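In the numbering used here, the protein residues as written are 41 to 331.
We put the beta carbon where it would ideally sit given N, CA and C, even for glycine.
Owing to the predicted nature of the structure, the values given are computational and were not obtained by experimental measurement.
Structure below.
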């Protein structure tokens, strides 16, 4: 009797272990390859590696950062995928002052994480992302005049901080000519300084790409894309900002690649220490989809 019970327990445990092992092998990945949700190209608050040159004043926007998918859960019966990721990034304003070049004037830093979900359909896929991010901004030594021992233009640092949660939903259409990615998002800041800033923030936009106009380069797909990004921010008055990009990507749109682009931005200064300024900027730059 004891032997029979032992055999039943052994068979039951073996079945449970086999089921879990099968599920793990087929539905769960630790440190999966690639990146499930590629950063929004027109959104400044996304991780990327690149440089944007502003022709008007010779300044540079320098981006350093990356996203990493830590866990992935695949649901093949539902054509769906869920990932958990971490994000670390910063972008800096490089200026020229008093015959000194490449001085870091201001810096915005971000860190946090996100969970992304997608579901494939015949026409494309549903995309969504929820992320929690801490953002802080700082003036750096390039904003300080050592000769006069004063802040440049008498602009002193402000204690800028924003801790926010952001929910995004969209749809990516697979077309014969390429793809169209549409999205909209809303965010709420649980902590924000200065207190005059509004806690609610939203944005929406689209990215259109085609790989039919240019031949492959070194056997890699080449895409032309157009991205429009609109955001509504209260700094402190709610106003619409927009960022328009036209560019060329060497590589698939959903994969690793090198991007060269021309951009036009109008709205609140993306460097948060200057949040009260409205700027109009044309830029030429590049960045890497580092997956």
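Taking the Cβ atom as the reference point for each residue, do residue i and residue j lie within a distance shorter than 9 Å?
i: residue 155; j: residue 125; result: yes
i: residue 96; j: residue 317; result: no
i: residue 175; j: residue 312; result: yes
i: residue 81; j: residue 287; result: yes
Roughly how many angstroms separate the alpha carbons of residue i and residue j, rounded to a whole number?
i: residue 236; j: residue 275; result: 7 Å
i: residue 192; j: residue 230; result: 32 Å
i: residue 251; j: residue 297; result: 13 Å
i: residue 414; j: residue 309; result: Absent from the model: residue 414. The displayed extent of the chain is 41 to 331, so no value can be given.
i: residue 292; j: residue 99; result: 30 Å
i: residue 158; j: residue 189; result: 53 Å
i: residue 209; j: residue 169; result: 7 Å
i: residue 145; j: residue 134; result: 6 Å
i: residue 150; j: residue 262; result: 31 Å
i: residue 228; j: residue 258; result: 44 Å
i: residue 314; j: residue 182; result: 15 Å
Pick out whichever of the options has its Cα sitting closest to the Cα of residue i.
i: residue 160; options: 117, 194, 192; result: 117
i: residue 327; options: 305, 314, 301, 306; result: 301
i: residue 325; options: 93, 314, 294, 202; result: 93
i: residue 265; options: 184, 87, 249; result: 249
i: residue 152; options: 180, 206, 183; result: 206
i: residue 319; options: 246, 136, 123, 305; result: 305
In this structure, does DSSP put residue i in helix, strand or coil?
i: residue 194; result: helix
i: residue 182; result: helix
i: residue 38; result: Since the first residue of the chain shown is 41 and the last is 331, residue 38 is not available in this structure.
i: residue 67; result: helix
i: residue 261; result: coil
Confirm the yes/no value for this check: CB of residue i, any heavy atom of the ligand SAM, distance under 8 Å.
i: residue 169; result: No copy of the ligand SAM occurs in the structure displayed, which carries no ligand at all.
Does any residue of chain C have a CB that is nearer than 9 Å to the CB of residue i?
i: residue 203; result: Of the chains in the structure shown, none is chain C; there is only one protein chain.
Margin query: Whether or not the region 140-147 and the region 258-278 are in contact is what I'm after, with contact meaning three or more pairs of Cβ atoms, one per stretch, closer than 8 Å; do they touch?
Written below: no
Check: How do the region 279-296 and the region 162-171 stand: do at least 3 beta-carbon pairs fall below 8 Å, yes or no?
Finding: no
Item checked: Three-pair Cβ contact test at 8 Å for the region 174-189 versus the region 107-117 -> no
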